[in-house]
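Working notes, structure below.
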Amino acid sequence: MQTVDPMPLLREEQRLMTSLLDVLKQEQQHLVAAHIDGLTALTPEKSALVARMASLANQRHGALGAAGYAPQEAGMTQWIAARGDSADHALWQTLLEQTREAKELNRINGMLINKHMSHTQGALQALRPRAAASSSFYGPSGHATTSTTSRGFFAG
1 MQTVDPMPLL REEQRLMTSL LDVLKQEQQH LVAAHIDGLT ALTPEKSALV ARMASLANQR
61 HGALGAAGYA PQEAGMTQWI AARGDSADHA LWQTLLEQTR EAKELNRING MLINKHMSHT
121 QGALQALRPR AAASSSFYGP SGHATTSTTS RGFFAG
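Heads up, the sequence shown is in full-length UniProt numbering, so the first residue is 1 and it goes up one at a time.
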């Protein structure tokens, strides 16, 4: 039975993670500058990177399982330790650190997105007519009408 070496998969995952970090940093720059078109252009690239990385991780987990290790990150750590290769260990540690960095960038970007959504919602609320004390307005026919209060939109 031929076993699959998970290292080429790990190398490709790390290469893609580096690309994802670049995209997340660009995304953050666009969010800070409120450049929506730039965000829109990055979304398909980010989605493709994440999908490809998930596929590689699944393949790597399968290779680990076929080699008798747990098909998860703990199994990768054990497999690398059994090989005793310091370059493999360094690559694995780099990927783990980059993953933590990507999660943090994604968290911050999410906060920036929520800030923009809140600002946009506030601007929309300011554009809505406010009810006067009597809640009466004159309609197109010249007759008094009563305005209804609408509920604001909340995204959490």
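Backbone N, C-alpha and C fix where the C-beta goes; we use that ideal spot for every residue, glycine too.
No experiment lies behind these values; they were computed from the predicted model shown.
State the Cα-Cα distance for the pair Arg60 and Ile113, rounded to the nearest angstrom.
-> 33 angstroms
Leaving aside the five residues before and after Gln72 along the sequence, list all residues of the same chain whose C-beta is less than 8 angstroms from its C-beta, in chain order.
-> His61 and Leu64
Could you tell me if residue 195 is buried or exposed, where buried requires 16 or more neighbouring beta carbons within 10 angstroms of its beta carbon?
-> Not covered by the structure: residue 195. The range shown for the chain is 1 to 156.
Using only alpha-carbon positions, find the residue among Tyr69, Gln28, His89 and Ala54 that is nearest to Glu104.
-> Gln28
Buried or exposed: where does residue 171 fall if 16 or more other Cβ atoms within 10 Å of its Cβ makes it buried?
-> In the structure as shown, the chain begins at 1 and stops at 156. Residue 171 is therefore absent and cannot be evaluated.
Exposed unless 16 or more other CB atoms sit within 10 angstroms - verdict on Pro8 = exposed
Evaluate Glu97 with the Cβ neighbour count: other Cβ atoms within 10 Å of its Cβ, from every protein chain shown; 16 or more gives buried, anything less gives exposed.
-> exposed
In angstroms, rounded to a whole number, what distance separates the CA positions of Arg52 and Gln125?
-> 41 angstroms
Status (buried if at least 16 other CB within 10 Å, exposed otherwise) for Gly75 | buried
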